[in-house]
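Once you know that position 10 of the sequence shown is 9 in numbering that gives the first Met the number 0, the rest is easy, because the numbers rise by one and skip nothing.
What follows is one structure encoded as structure tokens, with my remarks underneath.
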Amino acid sequence: MSLSQVADNAHSSLPYHPCMNEEAHGKVARMHLPVAPLCNIQCSYCQRVLDAPPGRKSGPGSSNGVLSVEEAVFEAENFLNEWGDDAIVGIAGPGDPLANTETFETLQDIKSLKPSCRICLCTNGLMLPDEVERLADMGLGTISVTVNGLKPYVMAKMHPHIFLSGRKISGTEGAAILIERQWQGIEKAVALGIAVKINMVVVPEINGDQAELIARRAARSGVKIINPVPLLPRGGLCSVPKPGINYMKKLRENCSVHLPVFTKCKQCRADARGIPGKEVSLAG
Numbered sequence: 000m001s002l003s004q005v006a007d008n009a010h011s012s013l014p015y016h017p018c019m020n021e022e023a024h025g026k027v028a029r030m031h032l033p034v035a036p037l038c039n040i041q042c043s044y045c046q047r048v049l050d051a052p053p054g055r056k057s058g059p060g061s062s063n064g065v066l067s068v069e070e071a072v073f074e075a076e077n078f079l080n081e082w083g084d085d086a087i088v089g090i091a092g093p094g095d096p097l098a099n100t101e102t103f104e105t106l107q108d109i110k111s112l113k114p115s116c117r118i119c120l121c122t123n124g125l126m127l128p129d130e131v132e133r134l135a136d137m138g139l140g141t142i143s144v145t146v147n148g149l150k151p152y153v154m155a156k157m158h159p160h161i162f163l164s165g166r167k168i169s170g171t172e173g174a175a176i177l178i179e180r181q182w183q184g185i186e187k188a189v190a191l192g193i194a195v196k197i198n199m200v201v202v203p204e205i206n207g208d209q210a211e212l213i214a215r216r217a218a219r220s221g222v223k224i225i226n227p228v229p230l231l232p233r234g235g236l237c238s239v240p241k242p243g244i245n246y247m248k249k250l251r252e253n254c255s256v257h258l259p260v261f262t263k264c265k266q267c268r269a270d271a272r273g274i275p276g277k278e279v280s281l282a283g
């Protein structure tokens, strides 16, 4: 099968999810429950803000507070009653969901309350090999994994260190472990029937040349779609310019040879709620 045929087949099987399927983007509501403040890796581009006021477009890692499991389940029930069975309930931080026990408690309680609820999460993938079977057993149908490179020297610039089994592991050693575990988790998720999207934060001078390589490997691993997004300059990369529109257009075109490319990402907050692009903050 040619690469273009692979991409065409992937397009036809995308879940009806507003962050994976552009047809659903302006029609299906989603909620991010901010129950996961802890993180297990350091990202050069990350700046977690746990008190970002509603209306501030501060992007991933930001929320207007953190909810308890009980508060999150209550909010999810109200959200589903408002938006219906097509709506998605997800966890996207403000840290990494798989580094927080509250993630699992929240999703399990929501599924117990509303078995038909469509649940989703976003992760850096470090703990995905260990937790993906548990997520599948809960009925998780979709997952986004942030993959910023395939080479340890590149990933070490994007992720200076990781925390694993009580150890802080820095540089290319930590980056190599992260890469290996990301792809182990992705391939396990695909084998379990979970639809996987890869997110990529694009910093041209660091990882721009990795995008098409990631798309190619993702296609071979059974990933559904890739979502390259421009750097939001902040954190350790606050002085690095955001890639331009033409640069991102060409990069997405190159990726599209291998996989469908999601182009409508709003780089949402960890407490976004509603139709993407029209969301409001959840935690108050």
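C-beta atoms are modelled at their ideal positions from N, C-alpha and C, and glycine is treated no differently.
- Residue 237 counts as exposed, since fewer than 16 other beta carbons sit within 10 angstroms of its beta carbon.
- With contacts defined by Cβ atoms closer than 8 Å, residue 47 and residue 93 form a contacting pair.
- Cβ neighbours of residue 22 within its own chain (closer than 8 Å, five residues either side excluded): 15.
- In this model, residue 66 and residue 32 are separated by some 7 Å (Cα to Cα).
- DSSP places residue 30 outside any alpha helix (DSSP H); the residue lies instead in the beta strand (DSSP E), whose first and last residues are 29 to 31.
- For residue 249, the number of other beta carbons within 10 angstroms of its own is below 16, and it is reported as exposed.
- Between residue 176 and residue 168, the CB-CB gap stays under 8 Å.
- In this structure, residue 258 keeps its C-beta atom at 8 Å or more from the C-beta atom of residue 188.
- When Cβ pairs closer than 8 Å are counted between the two stretches, the region 107 to 118 is seen to touch the region 69 to 84, the count reaching three or more.
- Counting along the chain, the unbroken beta strand (DSSP E) around residue 120 starts and ends at 117 to 122.
- By the C-beta density criterion, residue 98 is buried, having at least 16 other C-beta atoms within 10 angstroms.
- CA-to-CA, the gap between residue 233 and residue 209 works out to about 21 Å.
- From the listed residues 190, 228, 18 and 218, the smallest Cα separation to residue 202 is found for 228.
- Taking the CA atoms as reference points, residue 62 sits about 8 Å from residue 53.
- Taking C-alpha positions only, residue 160 is separated from residue 182 by approximately 18 Å.
- CA-to-CA, the gap between residue 247 and residue 221 works out to about 24 Å.
- Rounded to whole angstroms, the separation of the alpha carbons of residue 112 and residue 200 is 35 Å.
- Annotated three-state conformation of residue 162 is strand, per DSSP.
- In the three-state reduction of the DSSP assignment, residue 268 falls in the coil class.
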